[in-house]
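Below you'll find the structure, written out as structure tokens, and then a few comments.
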Amino acid sequence: MFGMYFDPYYWVLIIPSMLIALWAQTMVSTTFNKYSRVMSTRGLTAAQVCRRILDDNGLNHVRIERIAGSLTDHFDPRANVVRLSDSVYNSTSVASIGVAAHETGHAIQHAVGYFPIKLRSAIIPVTNLGSKLSVPLILLGFVFQWQPVVEIGIWLFATVALFQLVTLPVEFNASSRALHTLEADAILEGAEVKQARKVLSAAAMTYVAALITAVAQLLRLILLYGNRRRDD
Numbered sequence: 009m010f011g012m013y014f015d016p017y018y019w020v021l022i023i024p025s026m027l028i029a030l031w032a033q034t035m036v037s038t039t040f041n042k043y044s045r046v047m048s049t050r051g052l053t054a055a056q057v058c059r060r061i062l063d064d065n066g067l068n069h070v071r072i073e074r075i076a077g078s079l080t081d082h083f084d085p086r087a088n089v090v091r092l093s094d095s096v097y098n099s100t101s102v103a104s105i106g107v108a109a110h111e112t113g114h115a116i117q118h119a120v121g122y123f124p125i126k127l128r129s130a131i132i133p134v135t136n137l138g139s140k141l142s143v144p145l146i147l148l149g150f151v152f153q154w155q156p157v158v159e160i161g162i163w164l165f166a167t168v169a170l171f172q173l174v175t176l177p178v179e180f181n182a183s184s185r186a187l188h189t190l191e192a193d194a195i196l197e198g199a200e201v202k203q204a205r206k207v208l209s210a211a212a213m214t215y216v217a218a219l220i221t222a223v224a225q226l227l228r229l230i231l232l233y234g235n236r237r238r239d240d
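Taking the numbering used here, I'd label the letters of the sequence shown as residues 9 to 240.
In structure tokens form, the structure reads like this:
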């Protein structure tokens with residue numbers, strides 16, 4: 009994109025961010041696989057833990073569903089359902105329980121009106137628009153030398169970086185809620201809580217990596233645009 013082989017910003021900004029993202033994905037996969045082999049002492053399944061935490065927080069109306077795949081777990085606020093992946097749903101492992109508790113954390117955030125998650129939901133339509141239109145607009149602007157179009161494209165791409173930034177407190181808070189509940193309610197014991205924390209910390213790094221990647225891409229676009237304006 010934009011002549012990456014002759015673009016120093018690609019090698020200085022994009023390649024390192026891609027390596028960070030790859031490292032983060034490797035870490036979460038490795039950590040989850042490691043602690044998915046460690047069964048919790050109490051023997052509750054991830055789905056049972058999820059149901060218990062939801063009920064204890066007055067969220068009896070939130071359903072739990074099983075979804076295909078591995079680590080495809082998520083909370084869907086529109087359907088009021090926590091979806092747990094095949095690798096998590098019936099597992100009694102420390103890793104799976106940590107993941108399930110994290111997703112219930114998102115359900116609780118929605119229930120209590122946690123501001124960052126409300127903000128993230130509010131900007132999703134703009135972010136979706138930015139992710140689809142920003143690059144085509146920037147390309148058109150560069151090709152036809154339409155500076156306002158390039159600037160609009162860059163501003164649209166900035167919404168993608170903003171979304172990743174807002175996502176960080178949402179994810180960290182969900183993990184914090186999960187770990188507190190798992191320990192306070194004695195769902196996991198001693199070392200098991202620390203092991204679950206390692207799983208959730210590794211998962212959190214993927215969101216940090218996503219932010220770094222988005223910011224690196226945005227900075228590259230700004231620098232390329234600045235160079236093009238000076239050349240003109």
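Don't be surprised by glycine CBs; every beta carbon is placed ideally from N, CA and C.
Identify every residue that forms a DSSP beta bridge with HIS82. In DSSP, HIS82 forms a bridge with ARG91.
Helix, strand or coil: how does DSSP classify SER183 here? Three-state DSSP puts SER183 in a helix.
Rounded to a whole number of angstroms, what is the C-alpha to C-alpha distance between VAL107 and ILE220? If you draw a straight line from the Cα of VAL107 to the Cα of ILE220, it is about 23 Å long.
Could you check the C-alpha separation between VAL216 and LYS42 for me, to the nearest Å? Answer to the nearest angstrom: the Cα atoms are 22 Å apart.
What does MET47 pair with, by DSSP beta-bridge criteria? Bridge pairing for MET47: SER101 [DSSP].
Assign HIS69 to buried or exposed, taking buried as 16 or more other Cβ atoms, counted over all protein chains shown, within 10 Å of its Cβ. Exposed: under 16 other Cβ atoms inside 10 Å.
Could you have a look at ILE72 and say whether DSSP puts it in helix, strand or coil? Look at ILE72 here: in three-state DSSP terms it is strand.
Just how far apart, CA to CA, sit ASP94 and GLN117? Note on geometry: alpha-carbon atoms of ASP94 and GLN117 lie some 24 Å from one another.
What does the Cβ neighbour count give for MET188, buried or exposed, with the cut at 16 atoms within 10 Å? Reading the sequence as shown, one finds His at residue 188 and not Met. Answer is exposed; the Cβ neighbour count stays below 16.
Residue range of the unbroken alpha helix (DSSP H) whose run includes ILE22: First-last for ILE22: undefined, no H or E at that position.
Measure the Cβ-Cβ separation of THR135 and PHE83 and say whether it is below 7 Å. Contact flag unset, no.
Looking only at its chain, what residues have a beta carbon closer than 8 Å to the beta carbon of GLY234, apart from the 5 residues adjacent to it on each side? Residues of the same chain with a CB within less than 8 Å of the CB of GLY234, apart from the 5 flanking positions on each side, do not exist.
Which whole-angstrom value describes the C-beta separation of ALA169 and VAL89, a residue pair presumed to lie in contact below a C-beta threshold of 8 Å? Contact doesn't hold; Cβ gap of about 29 Å is too wide.
Quick check on the DSSP output: the alpha helix (DSSP H) that includes VAL96 runs from which residue to which? Taken as a continuous stretch (DSSP letters only), VAL96 belongs to no alpha helix (DSSP H), as it is neither H nor E.
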